[in-house]
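Working notes, structure below.
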Amino acid sequence: MSLLRSSTSFLKLSARRQLAATTVGIVRCYSTPSVASSGLKERLAELIPQKQEEVKRIKKEHGSKVLGNVTVDMIYGCMRGIKGLIWEGSVLDPEEGIRFRGMTIPECQQKLPTAPGGQEPLPEGLFWLLVTGEIPTQEQVNKLSAEWAARADIPKFVEDLLDRCPKHVHPMTQFSMAVTALQSESAFAKAYHQGIHKSKYWEYTYEDSMDLIAKLPNIAGRIYQNVFKDGKLPALNPNTDYGHNMASVLGFKDNKQFVELMRLYLTIHTDHEGGNVSAHTTHLVGSALSDPYLSFASGLNGLAGPLHGLANQEVLRWIMEMRDELGSADVSDETIKEYVWKTLKSGRVVPGYGHAVLRKTDPRYACQREFALKHLPTDPMFKLVSQLYKIVPDVLTEHGKTKNPWPNVDAHSGVLLQHYGLVEQDFYTVLFGVSRGLGVLSQLIWDRALGMSIERPKSLSTENIKDLFDTKEEPKSASAAL
Ligand SMILES: CC(C)(COP(=O)(O)OP(=O)(O)OC[C@H]1O[C@@H](n2cnc3c(N)ncnc32)[C@H](O)[C@@H]1OP(=O)(O)O)[C@@H](O)C(=O)NCCC(=O)NCCS
């Protein structure tokens, strides 16, 4: 595929992107000055034909092989354990946790580029890894930082929309609204309307995804400043990285540890394979060829649920309620145990514990704990979180319901943020959402590159199940009977 040719046709379609089309490696973005391409799109253009061939071969050679059985329990269990999706960026092992393109979190911390003087991986590096399967060089992530910073402006009407939002509208609702409103800028939607060839879908999906990711800090920062501060949004620095800019718009740019925390946070929350609510929803909506803005906004609405991303705000709220009730002085293990039991007996979940796939402590929890041990070992809330880690798994095991009594990512993130002064819990899921954008949009690009079709699993009614199995002689399989 000729990248230059395809870029040219893309840009002809978009009146607002005026590219000097003969200049290789230069991308001019919506309402932004020209910026040197990071080279990511060019690398992707090389990789896509290889992957398309590979998938074609796999389908030909293994297309009819069986990956597993589907039981009635699995259907009533809301598809638990059914292998039904392709997700290139990451795979989740129940015991070991997440691997991004085969790499564990500690490996990513070791191998991905960092900022000058920093130790934590840059989210730019993880995005590059998710998209290409390759570890980028320092120069490539620096260029990606610059490319995102140059695409970061949001249109005036989206700023106005957020500025006019009443403060009581939850930050996640505002986030979803802003991303949905940005859909008006979609290169994919415009190009589709004009009738582009399906082999070009990935390029417009890529452009929209890059624009959208780039704009997320400005959206998140504006929501934060409007709802919790004086409404003044610090400007992004075009010469720094994504995590640093995220910290800037929240007002923490001079706090080096907080900036490092942002880099780590935005790296580890990106992707958790394809079946979780935000990832699956983005993929599902995208399968209807809804553009990346509409698709990701749907994912954000799923992330805003308390059993998913909103759990990070719930955790801190629950811990603070516990502290208010039990007092902030050292509380005995026995008293905390009783408090956990009280939560369970009142029919509530213990937020931050349990997982639909994981059966061990989430490595995303473990790496945040490492960060806390290094930077805030004496923080009283961290001590409480550590105490809960000792107590809750035993209580949940004794309770006997949850399949995984261990902590997940959300059990730890809030305590780190509050340590540095980001105490507004209702905002926490927005940060999760910024990071999740990098994961789900990298897959959306591959969805279109691999020509994934509209998602349409088969559903059954309880009447169908009864008809199938409430008979004396059971049919061998549902498919035989339906
Ligand atoms: C993550 C979560 C939604 C996974 O749900 P799941 O796959 O259905 O989990 P399980 O199969 O272990 O659930 C079996 C039972 O244990 C309960 N359970 C699971 N985690 C629990 C927890 N942390 N506290 C209390 N009960 C829990 C479930 O509600 C379910 O009860 P039910 O049979 O009455 O419906 C669930 O563990 C949970 O609600 N955790 C708390 C919220 C949270 O931290 N979410 C963030 C996830 S990253």
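Numbering (full-length UniProt numbering) for the sequence shown: 1 to 482.
Note that the Cβ used here is the ideal one computed from N, Cα and C, for glycine as well.
These numbers come from a predicted model, not from an experiment.
Beta-carbon to beta-carbon, L212 and E120 are separated by about 24 Å, too far to satisfy the 8 Å threshold. If you keep only unbroken beta strand (DSSP E) runs of at least 3 residues inside the segment 309-368, you get nothing at all. Taking 3 residues as the shortest admissible run, the segment 97-180 contains the following complete beta strand (DSSP E) segments, listed from N- to C-terminal end: 97-100. With at least 16 other beta carbons inside 10 angstroms of its own, V141 counts as buried.
In terms of Cα proximity to L300, the closest of C165, T173, L129, G89 is T173. In the structure shown, D291 adopts coil according to DSSP, grouped into three states. Of M381, H283, H355, the smallest CA-CA separation from G327 is found for M381.
Beta-bridge partners of P407 (DSSP): Y353. Secondary-structure assignment with DSSP links V91 through a beta bridge to R99.
Judged by DSSP secondary structure, S209 falls within the alpha helix (DSSP H) whose first and last residues are 201-228. Pairwise C-beta distances place the segment 300-314 in contact with the segment 422-432, as three or more of them are shorter than 8 Å. Relative to the Cα of K51, the nearest Cα in the group M74, V131, Q110 belongs to V131.
Around L266, the same chain offers P123, G243, S435 as residues with beta carbons nearer than 6 Å, after the five sequence neighbours per side are excluded. A straight-line Cα-Cα distance of about 27 Å links S461 and S64. In terms of Cα proximity to A366, the closest of D379, W128, A356, G352 is G352. Counting the other CB atoms within 10 Å of its CB gives H283 a total of 16 or more, which places it among the buried residues. Around the beta carbon of E273, 16 or more other beta carbons sit within 10 angstroms, so the residue counts as buried. Bounds of the alpha helix (DSSP H) holding Y242 are 242-249. With a cut-off of 7 Å, the C-beta of H355 is classified as near ligand 1, since at least one heavy atom of the ligand falls inside that distance. Secondary-structure assignment with DSSP links A304 through no beta bridge to anything.
Per DSSP, the continuous alpha helix (DSSP H) segment holding R448 begins and ends at 428-449. CA-to-CA, the gap between L40 and D324 works out to about 50 Å.
Comparing C-alpha distances from W128 to each of D426, E203, L441 shows the shortest one belongs to L441. Taking the Cα positions, E53 is about 40 Å away from K403. The three-state secondary structure of L417, taken from DSSP, is helix. A direct Cα-to-Cα measurement between M322 and K200 gives close to 54 Å. In chain order, P407 place their CB closer than 7 Å to the CB of Y389, counting only its own chain and leaving out the 5 sequence neighbours on each side. Using a 10 angstroms sphere on the CB of Q443, the tally of other CB atoms reaches 16 or more, which defines it as buried.
Within the same chain, Cβ atoms closer than 7 Å to the Cβ of V227 are found at K167, P171, the five residues on either side in sequence being excluded. Bounds of the alpha helix (DSSP H) holding F382 are 380-399.
Between I223 and F175 a beta carbon distance of about 6 Å is seen, short of the 8 Å cut, so the two are scored as contacting. Exposure of H193 is indicated by the presence of fewer than 16 other C-beta atoms within 10 angstroms of its C-beta.
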